[in-house]
Amino acid sequence: MKSININNMIKLYTILLLNRGNVHGYDIIKHLEHNLENNISASQVYPFLNELKRKKLIKINKEGERDKKSYSLTPTGKKFISDTLKKWDELLEIAFVNKITKCYHCSCELYNNKYKKLINKKELPFCCDHCADSYMDMVKNKKIYTCDICSFSYKTKELKDKCQNWCKNYKSCNLEIIKYATNK
9 MKSININNMI
19 KLYTILLLNR
29 GNVHGYDIIK
39 HLEHNLENNI
49 SASQVYPFLN
59 ELKRKKLIKI
69 NKEGERDKKS
79 YSLTPTGKKF
89 ISDTLKKWDE
99 LLEIAFVNKI
109 TKCYHCSCEL
119 YNNKYKKLIN
129 KKELPFCCDH
139 CADSYMDMVK
149 NKKIYTCDIC
159 SFSYKTKELK
169 DKCQNWCKNY
179 KSCNLEIIKY
189 ATNK
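All residue numbers for the sequence shown refer to the numbering used here, where the first residue is 9 and numbers rise by one.
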């Protein structure tokens, strides 16, 4: 089978929608318009769907009285999408890696997090009110100690002091070096 070139966002997004399950062509266009914030014409979607059909990567299902068409992946199509997404993995990781942070309390990964709280004059990311409140309680009750400069948290005052000295001496905080130095 000759490969299909996934060389633009419309094609990539279309195969991602097909990967979710049975979908109508009209719904694909509406999803594309909403997520790409652009007008999408049928001529940008249906020729690609026809190419996928010719290559036996999707099948067409007819539903209802009007035989409304929906599209679903064949087993070969599922393999094709899996292989294609592997090729895009590195690009997608590069695109999203800077938008991923960790909750300062529970360490869950957060994509494009908008929830932050000001603690020790630093905006820290949290996944929810509960984590932010719990973290604040721990700081207030001295169950954890935070560096006044970088806001990194430690279980002992001694480790917090080491971090603060590091931050003062080097005018910056390299958390990886601090983690390494304090975990010895």
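Built from N, CA and C at the ideal position, the CB exists for glycine as well.
For clarity, every value in this text was computed on a predicted model and none was experimentally measured.
(message) So within the region 42–96, which uninterrupted alpha helix (DSSP H) runs reach at least 4 residues, ignoring any that extend past its ends?
(response) Counting whole runs of 4 or more residues, the region 42–96 contains the alpha helix (DSSP H) stretches 50–62.
(message) So, with DSSP's three-state summary, where would you put residue 113?
(response) In this structure, residue 113 counts as coil in the three-state DSSP scheme.
(request) Determine the contact status of residue 116 and residue 125, defining contact as a CB-CB distance below 8 Å. (result) It is not a contact, given that the beta carbons lie outside the stated cut-off.
(message) For the pair the region 70–79 and the region 43–51, tell me if three or more CB-CB distances fall below 8 Å.
(response) Too few Cβ pairs lie closer than 8 Å, so no.
(request) Determine the extent of the beta strand (DSSP E) in which residue 125 is found, giving its start and end residues. (result) Unbroken beta strand (DSSP E) run through residue 125: 124–127.
(request) Compute the Euclidean distance between the alpha carbons of residue 132 and residue 170, then round it to the nearest angstrom. (result) Here the alpha carbons of residue 170 and residue 132 stand approximately 21 Å from one another.
(request) Using 10 angstroms around the beta-carbon of residue 23, count the other beta-carbons present and answer buried if the total reaches 16, otherwise exposed. (result) Looking at its Cβ environment, which holds 16 or more other Cβ atoms inside 10 Å, residue 23 is buried.
(request) Could you check if residue 87 is buried or exposed, using at least 16 other CB atoms within 10 Å of its CB as the buried criterion? (result) By the 10 Å Cβ count, residue 87 comes out exposed.
(message) If you follow the beta strand (DSSP E) that residue 130 is in, where does it begin and where does it stop?
(response) For residue 130, the uninterrupted beta strand (DSSP E) segment begins and ends at 130–133.
(message) For the ligand FMN, I want to know if residue 11 counts as a neighbour, meaning its beta carbon is within less than 7 Å of at least one of the ligand's heavy atoms.
(response) With respect to the ligand FMN, the structure shown offers nothing to examine, as it has no ligands at all.
(request) Please go through the same chain and pick out, in chain order, the residues whose beta-carbon is closer than 8 Å to the beta-carbon of residue 164, but skip the five residues on each side of it. (result) Hits under 8 Å: 153.
(message) Considering only DSSP beta bridges, list what residue 108 is partnered with.
(response) Under DSSP, the beta-bridge partners assigned to residue 108 are 119.
(request) Return yes when the Cβ of residue 31 is within less than 8 Å of the Cβ of residue 90, no when it is not. (result) No, Cβ-Cβ distance for residue 90 and residue 31 is not below 8 Å.
(message) If the criterion is Cβ atoms closer than 8 Å, does the pair residue 66 and residue 26 meet it?
(response) A distance below 8 Å separates the beta carbons of residue 66 and residue 26.
(message) Given this structure, state the Cα-to-Cα distance separating residue 19 from residue 40, to the nearest angstrom.
(response) So the alpha carbons of these two residues sit roughly 10 Å apart.
(request) Tell me where the alpha helix (DSSP H) around residue 156 begins and ends. (result) No alpha helix (DSSP H) contains residue 156, which DSSP labels as neither H nor E.
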